[in-house]
Amino acid sequence: MTVSYRLSEIAARLGGRVLGHADARVSQVATLETALPGQISFLTNSKYRAQLAGTKAEAVILGEADADATGLPRIISDNPYAYFAKVSALLNPLPEAMPGIHPAAVIGADAKIDASASIAATAVIADGATIGAFSVIGEGCYIGENVVIGGHARLYPRVVVYHDCVIGDNLIAHSGVVIGSDGFGMAMDEGRWIKIPQIGRVVIGNDVEIGANTTVDRGALDDTVIEDGVKLDNQIQIAHNVRIGAHTAIAGCVGVAGSTTIGRYCLIGGSAGILGHLKIADHVEIAAFTLIGKSINEAGSYAAIFPFAKTADWRKNTVHLRHLDDLVKRVKNLEQHLESLNTELLKRES
Amino acid sequence: MTVSYRLSEIAARLGGRVLGHADARVSQVATLETALPGQISFLTNSKYRAQLAGTKAEAVILGEADADATGLPRIISDNPYAYFAKVSALLNPLPEAMPGIHPAAVIGADAKIDASASIAATAVIADGATIGAFSVIGEGCYIGENVVIGGHARLYPRVVVYHDCVIGDNLIAHSGVVIGSDGFGMAMDEGRWIKIPQIGRVVIGNDVEIGANTTVDRGALDDTVIEDGVKLDNQIQIAHNVRIGAHTAIAGCVGVAGSTTIGRYCLIGGSAGILGHLKIADHVEIAAFTLIGKSINEAGSYAAIFPFAKTADWRKNTVHLRHLDDLVKRVKNLEQHLESLNTELLKRES
Amino acid sequence: MTVSYRLSEIAARLGGRVLGHADARVSQVATLETALPGQISFLTNSKYRAQLAGTKAEAVILGEADADATGLPRIISDNPYAYFAKVSALLNPLPEAMPGIHPAAVIGADAKIDASASIAATAVIADGATIGAFSVIGEGCYIGENVVIGGHARLYPRVVVYHDCVIGDNLIAHSGVVIGSDGFGMAMDEGRWIKIPQIGRVVIGNDVEIGANTTVDRGALDDTVIEDGVKLDNQIQIAHNVRIGAHTAIAGCVGVAGSTTIGRYCLIGGSAGILGHLKIADHVEIAAFTLIGKSINEAGSYAAIFPFAKTADWRKNTVHLRHLDDLVKRVKNLEQHLESLNTELLKRES
């Protein structure tokens, strides 16, 4: 079931300007290095323009600045990378899921499943849950009581959504995702932890993607909120009552502690952490492996990475961190000493 | 199925002293800011006493020190936060699971399932497993051969317990939890890793809660042990032969390496790590993002967090870490130089 | 179904030299401290030789250097730890899975399942998938369209393998593993993220083990590759287009970002991270909690761990990290000042 398109057909759908042989036909995307005849590639950075010379690609997607850098059939776009993404989606349509409910699925009373939706074998849809048009619920998924999932969702096998959560359109959730598990809330009472019931929900906007084995806890009292267009990578932990602003992207293994609000269009690097009850402004970029322990009120780029080294060097340098305060005092002493020596010498001179 | 209680009824069950209108009836908990009539809120810190003025709550839970800080119907407790937790549990009872085995569950030979237990659709209970009274095994759970699970457990959908593990009463395990997977043990033999069979079990006490996608490996030779009242957040990794002392709470994304023993009543912050074969005393608090590389013999609070900064500042400062040992030597040189200069000057003076 | 062997029988199978009573019969392995009669233990480090005196073990496995350190029945091996691993495998054979397809499994059209393979209840094998000889697919597993899994694989319950992935022989995959989920690829286009279809696969060699809840993303354009003999612990995240060299072992909670190549025989500590598009040489050892932000071209040991301390000490020392650049400048100033003072004094002297 390979599909192929002429460049002219692609431009008719996606915009852009065709240069060279507009009838060139492509059926797959590839990098410049690995592309074969019949495949379309792309160049996002003029710096790598030299790679155009050696490519076997049938056609390429280029920015305006590189429009004449090759004689290959080509599409010129303001944003070649985004254009490439769209071409790839065109050439790689998701396999269509058969509408309907597999006989080995289990459907609760009063579940409202759109006739165009697809419920796979061993999926369980609990009482009162709603599944929107053209949504696909994969094998082994569990959709809890009264959950609402919008249209065009794709839940890969083994996603769990706990009761009462509300999800917009176009959700992509990968295998192992858990949405709506209890937040980590408890009170110490005479030497024992008492569980605080987590009675909020998770509310997710439209166009959200959630990576494999990522977890999003339900709110303690109010809701945990993931706004439109948020993209979460794998193995992320979002604690209760967090709010993630629209179009923020978070890389793998990040942890966000409870009640923190993250702004819109933030970029958070892998394995970073954000403590609880903080507020992160819009357009904040956080480096990988960085712990954010205070609110950030200003857009910009933030980091806290310990530089790696050969273990012997690391050990030699790092030992002094335990005495940094002493070192600073020693430097201060030196400054004072030198200062008084100076004064002394000047005095003698006069 | 909303429940509601008069303050007097609550105090009769949970203790505490009612002040003001004891017949005030509440059906839900909420924060002071968001509470509506018919809801009960709480104040845990006198510092925020001013919030009492604006609340729409029907009633509040207060500490002794704030007993007269409002005229609202109120319950006075020594521990308002724990009291609130108990009230919330009263007002938000877990939905009762229907006792019995769903026809789409799969039950092994010789499984001993209490008649009051509930086994959901697509759950699999293997041969010889025991499920205690009133325990609920969610959809898609897998309970391995000869596993013993006590009473009143609640396993949310898609929990796996490997063979032979033993679990006490009142376990709460969230979706994606894996208990009893093989520890990471192998021996290098002529350029290839040989697997060391992991023949220990996981043994879990009473009143333990385990968060979504947390993993607890079985022991290599002896058992991995989680004592009573331990609370584990999401995405935690507990390696083989770890022992976690009673009532210790561990936040999300923490990793504990093999054969480490953690004391009782410890608090471990998110994304922290503890290396293997260590011993952590009781009542140790470990900050988020902190790696513990040596045993801790003394109760107290420990940290190792690199402070975050604007990336440009971080880069400017951090580059010197690779030369810290040189810097210390330079300071030492300065001290010696200044010292000999001093001696020299004194000599000349005399 | 306990099995037992005489030392002579073990040596006949696994090699090594028997000393003492060769008919001594053992049925289980244990540590020197916990071993009971009928059990065999081992000593890997002569330093702990004293422990031999107190053990109740029936027999022990020793290195050549310790051959005469006890009179117990014993097997002498060049690599006692690896020998112990082999003995343990002999004494603890995996429970045999019944060949065949459980009636509560769901099998797609054109799936090719070897007659000796075992497909458990609630497992789903999609259209066109291939399952090799003697492979065991656990409860709730999902094997996607056209996946190929070699022989002697053991997938514990709830493993997901997305479509088109290819896996060699002897895979062990623990519960919650996700293989072939989409990589985290998107392009920003006028304020919205556009998904880049992930059209590569995951290709896994022979003899690979993958720990619980570990995720391995499929490639964006080309494949993600895990070579022969790689061992991955729990909760690891392997991003798209990563390549992991043969016999590399990675501890729990590690994240490897996209398009990074890791060499052969590397050892990567728990919760470490490796940024994207890097190249790590063979035989590189990376400490726990260490972020690698540049390629490593040379074998050796690398680290970047912030040393932990009592929180009060940590705070006192760490505050200076924000002013390290100033401190270095102050030391430089002192050096110059002292230098010019020296020159001045010399001048006067002359």
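Protein chains in written order, with my numbering: chain A, 1 to 350; chain B, 351 to 700; chain C, 701 to 1050. Just so it is clear, CB atoms sit at the ideal spot from N, CA and C, and this is done for glycine as well.
Give a yes or no on whether 8 Å exceeds the smallest Cβ distance from residue i to chain A.
i: Ser525 (chain B); result: yes
i: Gln937 (chain C); result: yes
i: Thr915 (chain C); result: yes
i: Leu688 (chain B); result: yes
i: Val456 (chain B); result: no
i: Val558 (chain B); result: no
i: Ala601 (chain B); result: yes
i: Val681 (chain B); result: yes
Please list the partners that residue i has in chain B, where partner means a Cβ-to-Cβ separation under 8 Å.
i: Ala120 (chain A); result: The premise fails here: Ala120 (chain A) is roughly 12 Å from chain B at the closest Cβ pair, so nothing lies under 8 Å.
i: Tyr142 (chain A); result: Gly488, Glu489, Gly490, Pro507, Arg508 and Ser525
Start and end of the beta strand (DSSP E) containing residue i?
i: Thr693 (chain B); result: First-last for Thr693 (chain B): Leu674 to Glu699, but that is the alpha helix (DSSP H), not the beta strand (DSSP E).
i: Ser788 (chain C); result: That residue, Ser788 (chain C), is in no beta strand (DSSP E); its alpha helix (DSSP H) goes Pro780 to Leu791.
i: Leu719 (chain C); result: Arg717 to Leu719
i: Arg424 (chain B); result: Arg424 to Ile426
i: Ala887 (chain C); result: Met886 to Asp889
i: Val634 (chain B); result: Val634 to Ile636
i: Val552 (chain B); result: Val552 to Ile554
i: Lys195 (chain A); result: Arg192 to Lys195
In terms of DSSP beta bridges, what is residue i paired with?
i: Lys294 (chain A); result: DSSP lists no partner for Lys294 (chain A).
i: Lys310 (chain A); result: C:Tyr1002
i: Ser118 (chain A); result: A:Gly100 and A:Val136
i: Ala181 (chain A); result: The amino acid occupying residue 181 (chain A) in the given sequence is Ser; Ala does not appear at that position. DSSP output for Ser181 (chain A) lists A:Asp217 as bridge partner(s).
i: Ile143 (chain A); result: A:Ile125 and A:Val161
i: Thr830 (chain C); result: C:Lys812 and C:Val848
i: Lys279 (chain A); result: A:Thr261
i: Glu909 (chain C); result: C:Ile872 and C:Lys931
i: Ala249 (chain A); result: A:Lys231 and A:Leu267
i: Gln937 (chain C); result: C:Thr915 and C:Gly955
Whose Cβ in chain A lies nearer than 9 Å to the Cβ of residue i?
i: Ile655 (chain B); result: Leu291, Gly293 and Ala304
i: Arg943 (chain C); result: Going along chain A, no residue has its Cβ under 9 Å from Arg943 (chain C), so there is no contact; the nearest lies around 14 Å.
Whose Cβ in chain C lies nearer than 7 Å to the Cβ of residue i?
i: Pro449 (chain B); result: Here the premise fails: no neighbours, minimum Cβ distance about 22 Å.
i: Asp572 (chain B); result: Thr734
Identify whether residue i lies in helix, strand or coil by the three-state DSSP scheme.
i: Gln389 (chain B); result: strand
i: Arg858 (chain C); result: coil
i: Val26 (chain A); result: strand
i: Arg264 (chain A); result: coil
i: Thr701 (chain B); result: Any question about residue 701 (chain B) goes unanswered here, given that chain B covers just 351 to 700.
i: Asp928 (chain C); result: coil
i: Ala407 (chain B); result: coil
i: Ala65 (chain A); result: helix
Let me see if you follow: with CB-CB separation under 8 Å, is residue i close to chain B or not?
i: Ser727 (chain C); result: no
i: Tyr705 (chain C); result: no
i: Asn846 (chain C); result: no
i: Trp1014 (chain C); result: yes
Where does the unbroken alpha helix (DSSP H) through residue i begin, and where does it stop?
i: Ala711 (chain C); result: Leu707 to Leu714
i: Leu52 (chain A); result: Gln51 to Gly54
Given that residue i touches chain A, what residues does it touch there, using C-beta distances under 7 Å?
i: Pro897 (chain C); result: Ser88, Ala89 and Asn92
i: Ala1009 (chain C); result: Arg322
Residues of chain C with a CB under 9 Å from the CB of residue i: which are they?
i: Ser609 (chain B); result: Per Cβ cutoff of 9 Å: no residues; Ser609 (chain B) is ~11 Å from chain C at best.
i: Phe300 (chain B); result: A query on residue 300 (chain B) cannot be resolved here, the shown segment of chain B reaching from 351 to 700 and no further.
Run down chain A in chain order and give the residues with a C-beta less than 8 Å from the C-beta of residue i.
i: Ala887 (chain C); result: Asn79, Tyr81, Ala82, Phe84 and Ala85
i: Asp982 (chain C); result: The premise fails here: Asp982 (chain C) is roughly 16 Å from chain A at the closest Cβ pair, so nothing lies under 8 Å.
i: Asn1017 (chain C); result: Leu321, Arg322, His323, Leu324 and Asp325
Cβ closer than 7 Å: which chain B residues qualify as neighbours of residue i?
i: Val1028 (chain C); result: His670 and Leu677
i: Leu869 (chain C); result: The sequence given here has Asp at residue 869 (chain C), not Leu. Those do not exist, as Asp869 (chain C) stays about 14 Å from chain B at its closest Cβ, beyond 7 Å.
Spell out whether any CB of chain C is found under 8 Å from the CB atom of residue i.
i: Gly151 (chain A); result: no
i: Lys231 (chain A); result: yes
i: Lys406 (chain B); result: no
i: Ala374 (chain B); result: no
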